[in-house]
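**Q** Line by line, the protein sequences give chains A and B.
This note's numbering applies: residue 8 is where the first sequence begins, and numbers increase by one.
This note's numbering applies: residue 4 is where the second sequence begins, and numbers increase by one.
Just dropping this structure here.
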Amino acid sequence: AQTIHQWPVAEIKAVGSPLSLGCTIKGKSSPNLYWYWQATGGTLQQLFYSITVGQVESVVQLNLSASRPKDDQFILSTEKLLLSHSGFYLCAWSSQSSAETLYFGSGTRLTVL
Amino acid sequence: QQKVQQSPESLSVPEGGMASFNCTSSDRNFQYFWWYRQHSGEGPKALMSIFSDGDKKEGRFTAHLNKASLHVSLHIRDSQPSDSALYFCAASGAGGYKVVFGSGTRLLVSP
Numbered sequence: 008a009q010t011i012h013q014w015p016v017a018e019i020k021a022v023g024s025p026l027s028l029g030c031t032i033k034g035k036s037s038p039n040l041y042w043y044w045q046a047t048g049g050t051l052q053q054l055f056y057s058i059t060v061g062q063v064e065s066v067v068q069l070n071l072s073a074s075r076p077k078d079d080q081f082i083l084s085t086e087k088l089l090l091s092h093s094g095f096y097l098c099a100w101s102s103q104s105s106a107e108t109l110y111f112g113s114g115t116r117l118t119v120l
Numbered sequence: 004q005q006k007v008q009q010s011p012e013s014l015s016v017p018e019g020g021m022a023s024f025n026c027t028s029s030d031r032n033f034q035y036f037w038w039y040r041q042h043s044g045e046g047p048k049a050l051m052s053i054f055s056d057g058d059k060k061e062g063r064f065t066a067h068l069n070k071a072s073l074h075v076s077l078h079i080r081d082s083q084p085s086d087s088a089l090y091f092c093a094a095s096g097a098g099g100y101k102v103v104f105g106s107g108t109r110l111l112v113s114p
């Protein structure tokens, strides 16, 4: 069975500080990977997707970057946090074809002060 | 401009009742639709997908798609308190990698 693990579970960071969030998918070869951001109780905004190692597509510009250093790993980062970066970050995977169901991790709660 | 409009914003039904959710898209490129459910503090989980016109039933859940009007709905019969959650519709086009979510409907099922 496939599992998706996100880390850390929660972060409290200062404005202007750097950030790195990650997720790892086990039990699935060459998945599509996604990052989403969610304000409290709000909709999910897609940030990035990746269909192969080393290739990441940006969907919306929010002063964030993403990388896929390994087939099973997706990293979200920024060098300088803004207050507006606060929220719930969700990593997801789908099978390697289009129009597939997304399977989400349990998320990282980020608070920027 | 939100490409997937979802209604209502919130919904309260008694245990055993019917809960209904609606989504309308403004993008005719969307071909694939899903319903997801998110309990508080967790990641969303897919309930069902629907890609063809008509009804699709899975247990207590029935989805309906009308591609001509870009309208998709979800109905939950015999609602249970454990169904209380945030419900999202989602849509994608032919490429499939950009998945747009609706604004969400908060469901409360009271015992």
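The C-beta atom is built at its ideal place from N, Cα and C for all residues, glycine as well.
Note that this is a predicted model, so its numbers are computed, not measured.
Counting only C-beta atoms, is L109/A closer than 9 Å to chain B at any point?
**A** Position 102 of the first sequence, counted from the start, is the residue given in the question as residue 109/A. Judged by the 9 Å Cβ criterion, L109/A is in contact with chain B.
**Q** Go through its chain and collect everything with a Cβ distance to L111/B's Cβ below 8 Å, but skip five positions before and after it.
**A** As a working mapping, residue 111/B is identified with position 108 in the second sequence. The answer, listed in chain order, is S13, L14, S15, V16, S87.
**Q** Listing by chain order, which chain B residues have their CB less than 9 Å from the CB of I58/A?
**A** Counting from 1 along the first sequence, the entry for residue 58/A is found at position 51. Listed along chain B, the residues sitting closer than 9 Å to I58/A by beta-carbon distance are Y100.
**Q** Of all the CB atoms in chain B, is at least one closer than 9 Å to the CB of L54/A?
**A** Along the first sequence, one-based indexing puts residue 54/A at 47. Not an interface residue.
**Q** 9 Å is my cut-off, CB to CB: does V63/A come that close to chain B?
**A** Numbered from 1 along the first sequence, position 56 holds the residue referred to as residue 63/A. Residue-level contact check: V63/A does not touch chain B, since none of the beta carbons of chain B fall below 9 Å from its beta carbon.
**Q** Using CA coordinates, which residue listed in G19/B, D30/B, G107/B, A93/B is at the minimum distance from A71/B?
**A** Counting from 1 along the second sequence, the entry for residue 71/B is found at position 68. Closest by alpha carbon: D30/B.
**Q** Between G114/A and chain B, is there a C-beta pair that is closer than 9 Å?
**A** In the first sequence, the residue the question calls residue 114/A occupies position 107. By this cut-off, G114/A is an interface position.
**Q** Would S52/B count as contacting chain A if we go by Cβ distances under 9 Å?
**A** Position 49 of the second sequence, counting from 1, holds the residue named residue 52/B. Yes - at least one Cβ of chain A is within 9 Å of the one on S52/B.
**Q** Indicate, with yes or no, if the ligand FMN has a heavy atom lying under 8 Å from the CB of Q34/B.
**A** This structure lacks the ligand FMN, and indeed carries no ligand of any kind.
**Q** Entirely within the region 24–91 of chain A and at least 3 residues each: give me those beta strand (DSSP E) ranges in chain order.
**A** 26–33, 39–45, 51–59, 62–65, 72–77, 80–85
**Q** Quick check: what's the CA-CA separation for A21/A versus G46/B?
**A** Taking the first residue of the first sequence as position 1, residue 21/A is located at position 14. Taking the first residue of the second sequence as position 1, residue 46/B is located at position 43. When rounded, the separation of the alpha-carbon atoms in A21/A and G46/B is 25 Å.
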